[in-house]
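Asker: Residue numbering for the sequence shown follows our numbering, starting at 28 and increasing by one per position. All C-beta atoms, glycine included, are put in the ideal place defined by N, C-alpha and C. This is the structure, below, for whatever I ask next.
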Amino acid sequence: MPPPGGSMPRPPPMPPAPVPVLIPAAYVIAGNTAAFDYEQLAIEANGTLASMLHLSAVEFLLNVDDDPPHGSEYAQTTSWFGALDLLGTHHCEISIHNQKFVGVTPLDAQSIVTHEMFHCYQQRAAKYLDSWKKVSPSISEGEATW
Ligand SMILES: [Zn+2]
């Protein structure tokens with residue numbers, strides 16, 4: 028029924044149908060490349076520390092991840108995972124957060140890896156996780172930072 032005094036307004040014309048746009052895209056697997064040769068840095072650090080401390084070199088494994096950086100940690104070292112005693116398998120594990128090393132100078136990278144390697148020596152000396160947990164961080168971090 029038309030409104031009083033006039034006819035029904037016509038609806039506005041429909042806008043033209045959008046034209047689909049094809050955007051070329053590709054999935055490219057870009058391998059994350061290590062910012063440094065961490066294995067070589069760790070071998071050098073291990074040799075330097077063994078020589079300076081007059082101890083045998085430690086057995087170690089490196090884990091390099093490309094996870095998004097979180098926090099201020101560049102790397103982490105452990106000789107225990109939960110109740111699993113890695114020292115029982117004669118090694119210490121250094122986890123490197125590769126993205127944190129992007130833009131770091133080679134000298135700083137060597138310093139960080141040497142710091143982590145020193146934790147391997149400390150943990151080997153502590154021998155047990157319970158003993159390691161009793162070491163004050165001011166000592167464990169202070170020694171490793173020298
Ligand atoms: Zn540390």
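Since I believe alanine 69 is in contact with valine 140 (beta carbons under 8 Å), could you give me their beta-carbon distance rounded to a whole number of angstroms?
Answerer: Walking along the sequence shown from the start, residue 140 turns up at place 113. Walking along the sequence shown from the start, residue 69 turns up at place 42. Valine 140 to alanine 69, Cβ: 5 Å. Contact.
Asker: Which partner residues of asparagine 90 appear in the DSSP bridge assignment?
Answerer: Translated into positions along the sequence shown, residue 90 becomes position 63. Asparagine 90 is bridged to Ser122.
Asker: Under 8 Å Cβ to Cβ from glutamate 66, same chain only, skipping five residues before and after it: list those, please.
Answerer: Within the sequence shown, numbered from 1, the residue matching residue 66 stands at position 39. Closer than 8 Å at Cβ, skipping near neighbours: Leu89.
Asker: Using the three-state DSSP reduction, which class does leucine 68 fall into: helix, strand or coil?
Answerer: On the sequence shown, residue 68 is found 41 positions in, with the first residue counted as 1. Correct three-state label for leucine 68: helix.
Asker: If you check the beta carbons only, do histidine 124 and aspartate 94 fall under 9 Å apart?
Answerer: Locating residue 124 in the sequence shown gives position 97, counting from the first residue. Locating residue 94 in the sequence shown gives position 67, counting from the first residue. Yes; because the gap between Cβ atoms is below 9 Å, this pair is in contact.
Asker: On a Cα-Cα basis, can you pick out the residue from Leu111, Ser158, Gln137 that is closest to threonine 172?
Answerer: Walking along the sequence shown from the start, residue 172 turns up at place 145. Cα-wise, what sits closest to threonine 172 is Gln137.
Asker: Is threonine 132 helix, strand or coil by DSSP?
Answerer: Counting from one through the sequence shown, the residue named residue 132 turns up at place 105. It is coil, neither helix nor strand.
Asker: Looking at alanine 69 and ligand 1, is the gap between the Cβ and the nearest heavy atom below 8 Å?
Answerer: Here residue 69 refers to the residue found at position 42 of the sequence shown. The answer is no for alanine 69.
Asker: State the DSSP-derived secondary structure class of alanine 62, mapped to helix, strand or coil.
Answerer: Working through the sequence shown from its first residue, we reach residue 62 at position 35. The answer is coil: DSSP assigns alanine 62 none of H, G, I, E or B.
Asker: Can you give the Cα-Cα distance for aspartate 112 and serine 158, rounded to whole angstroms?
Answerer: Stepping through the sequence shown from its first residue, residue 112 is reached at position 85. Stepping through the sequence shown from its first residue, residue 158 is reached at position 131. The straight-line gap from Cα to Cα measures roughly 13 Å.
Asker: Please identify the residue among Phe63, Gly115, Phe145 whose C-alpha is closest to the C-alpha of glycine 74.
Answerer: For the purposes of this step, residue 74 is taken as the residue at position 47 of the sequence shown. Glycine 74 has its Cα closest to that of Phe145, out of Phe63, Gly115, Phe145.
Asker: Suppose you measure from the CA of glycine 169 to the CA of tyrosine 148; what does that come to, to the nearest Å?
Answerer: The residue labelled residue 169 in the question sits at position 142 within the sequence shown. The residue labelled residue 148 in the question sits at position 121 within the sequence shown. Distance between the alpha carbons of glycine 169 and tyrosine 148: 14 Å.
Asker: Does leucine 49 come out as helix, strand or coil in the three-state DSSP assignment?
Answerer: For the purposes of this step, residue 49 is taken as the residue at position 22 of the sequence shown. Residue state, collapsed to three classes: coil.
Asker: In the DSSP assignment, find the unbroken beta strand (DSSP E) run with alanine 171 in it and report its ends.
Answerer: Walking along the sequence shown from the start, residue 171 turns up at place 144. Premise fails: alanine 171 lies in the alpha helix (DSSP H), 164-172, not in any beta strand (DSSP E).
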